[in-house]
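*Asks:*
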Amino acid sequence: MTETQEALRLEGITKVYPNGVIANKDINFSVNVGEIHALSGENGAGKTTLMKILFGEEKPTAGEIFIDGDKVNIQNPSDAIRLGIGLVHQHFMLVPSLTVTENLILGIEPVKGLRIDERKARDQVSEISKKYHLIVDPDAKIQDLTVGQKQKVEILKTLLRGVRILILDEPTAVLTPQETKELFYELKLLRSAGYTIIFISHKLNEVKELCDRITIIRHGQTMGVFDVSSVSEEEISRLMVGRAVKLKVEKEAANPGAAAIRVRGLTILDDSGKPKVKNVSFTARRGEIFGVAGVEGNGQSQLTDAITGLGGYQSGSIEINGLNISGKSVREIREHKLSHIPEDRMKTGIAPRLSIENNVIADKIFRKDFNRFGFLNLSKIAAYGLEMVNRFRVSCKSAQVHINSLSGGNIQKVVLARELSSDPDVIIANQPTRGVDVGATEFIRQELVGMRNQGKTVFLISSDLGEILGLSDSLIVLYEGEITAYFPDASSVTEEELGRYMLGVEKQSDAEIRRAVHE
Amino acid sequence: MPAIFSYIFSVDFFFMWIRVATPIILVALGAVVCERSGVVNLGLEGTMLIAALFGVLGSYFGKGLLPGFLLGIASALVVSLLFAFFHLVLKANNVLCGTAINTLAAGLTVFVLQMVTGEKGTSASIKSYSYPEVNIPILKDIPILGEILSGHNLLTYLAIVLLFVVMFLLFKTPLGLRIRAVGENPHAAESVGIPVVRIRFIAISICGALAGLGGMYLSMAYLPIFARDMTAGRGFISLAACAMGRANPIGVFVSALVFAFFDGLSNILQVLRIPAEFVQMMPYAATILGLTIYSIHRAHSLQRKHS
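First to last, the protein sequences are chains A and B.
For the first sequence, my numbering gives the first residue as 1024, with consecutive numbering after it.
For the second sequence, my numbering gives the first residue as 97, with consecutive numbering after it.
Shown next as structure tokens:
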């Protein structure tokens, strides 16, 4: 780089929420024109708050923002967009039933008389999408797009509004390796076109690959700014967490035993009658972590719902520890020693407005320990809550606080505490570390491996490739509801290989896939 | 009962069908705009009732139709904005807001009616104006068709025009796109700088104006006077029509016609000395039946697709 010019500077940003939580403490953050700058830190470290302040969604308690050297006052997202700041949200901000074009022109519609000038809108969209190689069908409805395509629409949305500084909030969390590669290519293209990009991520290998500089924050404070090429992944994670973290999962070879989950010829249809899971058969055994890889939306949710009894299925059979679960209630299945760490912890994992201790005993409320003749034994519940908080290292003021006051990682630890403390034989873990910070991720993975070492079955669904490959002993790949591959030894598979099966580019022979049945 | 059929397949019945459908179409179109913006306006019943009274009063005091129209629409807007203010600004639950509006309207109309006319039942003692009936040239001379379609009230024809206006508004204009975006994903709309609350205010106002027309149709077209509680659930039937038509203007229009058919049918059956209570139940029973048949049919066609 010949001459660096500052695109953006945040000075002394402090944010104290009304409930007294200090999210940002005197943060300084500066980004140069034409660089890709990583912003890394654990969950709850204050990254998101900082970006919300920058995008006008939150107001700082103190501090100043400068763009191209001029002090600015950002009251709301419209101000931010006008100043050339665009945010690609982690959860896409798109209207599903509208077309790509309609989503893109929303709020800046070209008009002819009273009506929207549809032709001009299409021309604008295809022009900008060609210019930056972000190719999407302008007439497709958002609901029919893949996650990767939706993200392109999100990026196009900001570009169409003349944004010069692009913030991407954990953009790769939901992408396949191939899509991630594509995204990186596009981002580098944007960088060479003079765009400034802020890349929020805690995937360190991606930061290393893509970014020029990195700012690390921890507990709401800046831990430093580094040239990415001059720091190692270990150093970055140590600065993020405040201690050395084992990035690799360490585990001994598995010693699989008898069948624990036996699925045969399972077919599941959605409400409109489309098959979501097609004739799937496999056996997950005791003492192994059985992985299910796949791009999200390829039948994983339906499969987990069926196994846990939350959703129905049309044909085939599911046995848990020899119990055919057809027609059994969730409670009956759970009493057969099944635990479930659900995909969406806020929706199905917890009751957000209850306390930690109430959440922890939610599945044990029928037990005599906690419930005598229909009355709750509050002191026992309190003691149990405290025990769980300590054992699972949930950082909180007390076990009586509302669970939604915790960070994502700590909420997930509570879910883990509830599910693992019920002495399960089979643990269904769906995206167990999604949106969870490095420290908590390490802890959760160790717990799952620990369960496996005790001879239990862990059924792991994850779209994080590093996780699925690092944690699983054996694994299947789902593509459009079908098994496209079975790998008896997950450690022998590369991410690229797995990616090809996940995208349906390749498929194993029927005989190879049938090995998953173990009969 | 062949007698029924001879009643149904008569010019008079079809004419009446259109007559009773008009207010439901108008108000249901309003409900569509509201629903599309993500607000279920449960206060439609009360909004109609208020406009029905104030339309009459406006024409009485202003001695003309135009003042009646203006005051009717204005009163509907005021009530709608009240609903919008409580729901959108003070974040009160829309069921509570809607119920409050309906309760308020039921009491307020009788109170005002008594203040002006000295009576609690109807406005028969004061002279108010009605919207004119329109004979459509050429069409009116065609036998049967002309008798059914011509000679309706001005507001009936306006309702048909408004159907297309609402479709144009929702699907062809920037405002319509914003309303739909706000209704489906307010966060997405907000993220591109669209003021969600303001768009909903506008949608509720449009809805209010349409509900106002529907209300005035009752007291200044269907009947020439205001009578207490004369809306008789039409606001809620319009909401049901909006739901059954899945907030799609054409679908809602058809649903409104279905409800109106049973409404009309109940008028005939009264003539045939079937108990009034049974007859009055029909439009509502028809709704439940219709929705049941619809979902059974849907499940059935699903199953067939798979076997």
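The C-beta atom is built at its ideal place from N, Cα and C for all residues, glycine as well.
Just so it is clear, the structure is predicted and the values come from calculations on it, not from any experiment.
Taking G1109(A) as part of the beta strand (DSSP E), name the residues at either end of that continuous run.
*Replies:* By one-based count along the first sequence, residue 1109(A) stands at place 86. Per DSSP, G1109(A) belongs to the beta strand (DSSP E) from I1108 to V1111.
*Asks:* For E1505(A), report the span of its beta strand (DSSP E) as first-last.
*Replies:* Numbered from its first residue, the first sequence carries residue 1505(A) at position 482. From DSSP, the beta strand (DSSP E) with E1505(A) extends over E1505 to F1510.
*Asks:* If you follow the beta strand (DSSP E) that N1047(A) is part of, which residue opens it and which one closes it?
*Replies:* As a first step, residue 1047(A) is located in the first sequence; it is residue number 24 there, counting from the start. Its beta strand (DSSP E) spans residues I1045 to N1055.
*Asks:* Along the region 254-279 of chain B, where does the CB come closer than 8 angstroms to a CB of chain A? Name the residues.
*Replies:* F264, K268, T269, P270, L273, R274, R276 and A277
*Asks:* Helix, strand or coil for D1598(A)? Go by DSSP, reduced to three states.
*Replies:* Outside the modelled stretch of chain A, which goes from 1024 to 1542, sits residue 1598(A), for which no answer is possible.
*Asks:* Please give the ranges of any alpha helix (DSSP H) in the region 238-277 of chain B, keeping only runs that are unbroken, at least 4 residues long and fully inside the region.
*Replies:* Within the region 238-277 of chain B, the complete alpha helix (DSSP H) runs of at least 4 residues are 241-245 and 250-268.
*Asks:* Please classify S1063(A) as buried or exposed, where buried requires at least 16 neighbouring CB atoms within 10 angstroms.
*Replies:* The residue labelled residue 1063(A) in the question sits at position 40 within the first sequence. The residue in question, S1063(A), is buried, as its Cβ has 16 or more Cβ neighbours within 10 Å.
*Asks:* For chain A, is any of its Cβ atoms less than 8 angstroms away from the one on S403(B)?
*Replies:* Along the second sequence, one-based indexing puts residue 403(B) at 307. The predicted model places S403(B) with a pLDDT of 44, which falls under 50 and marks its position as unreliable; any figure quoted below should be read in that light. No, no contact with chain A.
*Asks:* Quick check: is the beta carbon of S196(B) nearer than 8 angstroms to any beta carbon in chain A?
*Replies:* The residue given as residue 196(B) occupies position 100 in the second sequence. The displayed chain sequence assigns Ala, not Ser, to residue 196(B). For A196(B), not one C-beta of chain A is nearer than 8 angstroms to its own C-beta.
*Asks:* Please specify which runs of the beta strand (DSSP E), each continuous and at least 3 residues long, are wholly inside the region 1232-1309 of chain A, giving them in chain order.
*Replies:* 1236-1241, 1244-1250, 1282-1292 and 1298-1308
*Asks:* Which chain B residues are close to V1134(A), counting only those with a beta carbon under 9 angstroms from its beta carbon?
*Replies:* For the purposes of this step, residue 1134(A) is identified with residue 111 of the first sequence, where counting begins at 1. Chain B residues near V1134(A): T269 and P270.
*Asks:* Looking at chain A, is there any beta carbon in it that lies within less than 8 angstroms of the beta carbon of H283(B)?
*Replies:* Along the second sequence, one-based indexing puts residue 283(B) at 187. At least one chain A Cβ lies under 8 angstroms of H283(B).
*Asks:* To the nearest whole angstrom, what separates the beta carbons of I1491(A) and A1283(A), a pair I think is in contact under 8 angstroms?
*Replies:* As a first step, residue 1491(A) is located in the first sequence; it is residue number 468 there, counting from the start. As a first step, residue 1283(A) is located in the first sequence; it is residue number 260 there, counting from the start. Not quite, the Cβ-Cβ distance comes to about 19 angstroms (not below 8 angstroms), so this is no contact.
*Asks:* Hey, is I290(B)'s beta-carbon within less than 8 angstroms of any beta-carbon in chain A?
*Replies:* Within the second sequence, the letter at position 194 stands for residue 290(B). Interface residue, yes.
*Asks:* Going by beta-carbon coordinates alone, are R1416(A) and F1466(A) separated by less than 8 angstroms?
*Replies:* Position 393 of the first sequence, counted from the start, is the residue given in the question as residue 1416(A). Position 443 of the first sequence, counted from the start, is the residue given in the question as residue 1466(A). Against a cut-off of 8 angstroms, the Cβ pair of F1466(A) and R1416(A) comes out as a contact.
*Asks:* Can you tell which of V230(B), S301(B), A299(B) and S391(B) has its C-alpha closest to the C-alpha of S1295(A)?
*Replies:* For the purposes of this step, residue 1295(A) is taken as the residue at position 272 of the first sequence. Answer by Cα proximity: S391(B).
*Asks:* L1289(A) to A277(B), Cα distance in whole Å?
*Replies:* For the purposes of this step, residue 1289(A) is taken as the residue at position 266 of the first sequence. For the purposes of this step, residue 277(B) is taken as the residue at position 181 of the second sequence. Between the alpha carbons of L1289(A) and A277(B) lies a gap of roughly 38 angstroms.
*Asks:* Can you give the Cα-Cα distance for Q1172(A) and L1521(A), rounded to whole angstroms?
*Replies:* Counted from its first residue, the first sequence places residue 1172(A) at position 149. Counted from its first residue, the first sequence places residue 1521(A) at position 498. Those two C-alpha atoms are separated by around 20 angstroms.
*Asks:* If we cut at 8 angstroms on Cβ distances, does I392(B) have a partner in chain A?
*Replies:* Here residue 392(B) refers to the residue found at position 296 when the second sequence is read from its first residue. For I392(B), the answer is no, since every Cβ of chain A falls outside 8 angstroms of its Cβ.
*Asks:* Against chain A, with Cβ distances strictly below 8 angstroms, would S287(B) count as a contact?
*Replies:* Numbered from its first residue, the second sequence carries residue 287(B) at position 191. True, the Cβ-Cβ gap to chain A drops below 8 angstroms.
*Asks:* List the endpoints of the continuous alpha helix (DSSP H) containing R1105(A).
*Replies:* Sequence index remark: in the first sequence, residue 1105(A) carries index 82 (1-based). Its alpha helix (DSSP H) spans residues P1100 to R1105.
*Asks:* Pull the bridge partners of I1223(A) from the DSSP assignment, please.
*Replies:* As a first step, residue 1223(A) is located in the first sequence; it is residue number 200 there, counting from the start. The partner list for I1223(A) (beta bridge, DSSP) reads L1062(A) and D1192(A).
*Asks:* Going by DSSP in three states, S1476(A) sits in which element: helix, strand or coil?
*Replies:* The residue labelled residue 1476(A) in the question sits at position 453 within the first sequence. Reading off the sequence shown, one finds Asn at residue 1476(A), where the question assumed Ser. Here N1476(A) sits in helix by DSSP.
*Asks:* What three-state label does DSSP hand K187(B) in the structure shown?
*Replies:* If you number the second sequence from 1, residue 187(B) lands on position 91. Of the three classes helix, strand and coil, the one that applies to K187(B) here is coil, per DSSP.
*Asks:* Relative to chain B, which residues along the region 1112-1124 of chain A have a C-beta separation below 9 angstroms, given in chain order?
*Replies:* H1112, H1114, F1115, M1116, L1117, V1118, P1119, S1120 and L1121
*Asks:* Please list, in chain order, all residues of the same chain as M112(B) whose beta carbon is under 7 angstroms from its beta carbon, the five residues on each side excluded.
*Replies:* On the second sequence, position 16 is the one that residue 112(B) refers to. Answer for M112(B): G360 and N363, listed in chain order.
*Asks:* Taking 8 angstroms as the threshold (beta carbon to beta carbon), is R1138(A) in contact with chain B?
*Replies:* Position 115 of the first sequence holds residue 1138(A). Interface residue, yes.
*Asks:* Bridge partners of I1451(A), per DSSP?
*Replies:* The count along the first sequence starts at 1 and reaches residue 1451(A) at position 428. BP columns for I1451(A) point to H1363(A) and F1482(A).
*Asks:* Going by DSSP, name the residue or residues bridged to A1316(A).
*Replies:* Within the first sequence, the letter at position 293 stands for residue 1316(A). Looking at the DSSP assignment, A1316(A) forms a beta bridge with V1500(A).
*Asks:* The beta strand (DSSP E) spanning F1089(A) covers which residue range?
*Replies:* As a first step, residue 1089(A) is located in the first sequence; it is residue number 66 there, counting from the start. Run containing F1089(A): A1085 to I1090, per the beta strand (DSSP E) assignment.
*Asks:* In whole angstroms, give me the CA-to-CA distance for K1527(A) and H1060(A).
*Replies:* Counting from 1 along the first sequence, the entry for residue 1527(A) is found at position 504. Counting from 1 along the first sequence, the entry for residue 1060(A) is found at position 37. Note on identity: in this sequence residue 1527(A) is Gly, with Lys being the wrong assignment. Computed Cα separation, rounded: 33 angstroms.
*Asks:* I want to verify the contact list: residues of chain B whose CB lies under 9 angstroms from the CB of D1100(A), in sequence order.
*Replies:* On the first sequence, residue 1100(A) is found 77 positions in, with the first residue counted as 1. It is Pro, not Asp, that sits at residue 1100(A) in the sequence shown. Those within 9 angstroms of P1100(A) in chain B are E286, S287, V288 and G289.
*Asks:* Counting only Cβ pairs nearer than 8 angstroms, list the residues of chain B close to K1180(A).
*Replies:* To locate residue 1180(A), count along the first sequence from 1; it is residue 157. Those are V288, listed as they occur along chain B.
*Asks:* Near F1058(A), which residues of its chain fall below 6 angstroms by C-beta distance, leaving aside the five closest residues on each side in sequence?
*Replies:* Position 35 of the first sequence holds residue 1058(A). It should be noted that the sequence gives Glu, not Phe, for residue 1058(A). Here the set comprises D1235.
*Asks:* How is M1024(A) classed by DSSP in three states: helix, strand or coil?
*Replies:* Mapped onto the first sequence, residue 1024(A) falls at position 1. Per-residue confidence for M1024(A) stands at a pLDDT of 44, beneath the threshold of 50, marking its modelled position as unreliable; the derived number appears in the next sentence. In the structure shown, the three-state DSSP call for M1024(A) is coil.
*Asks:* Are the Cβ atoms of N137(B) and G194(B) separated by less than 8 angstroms?
*Replies:* By 1-based counting over the second sequence, the position of residue 137(B) is 41. By 1-based counting over the second sequence, the position of residue 194(B) is 98. Cβ distance < 8 angstroms, so N137(B) and G194(B) count as in contact.
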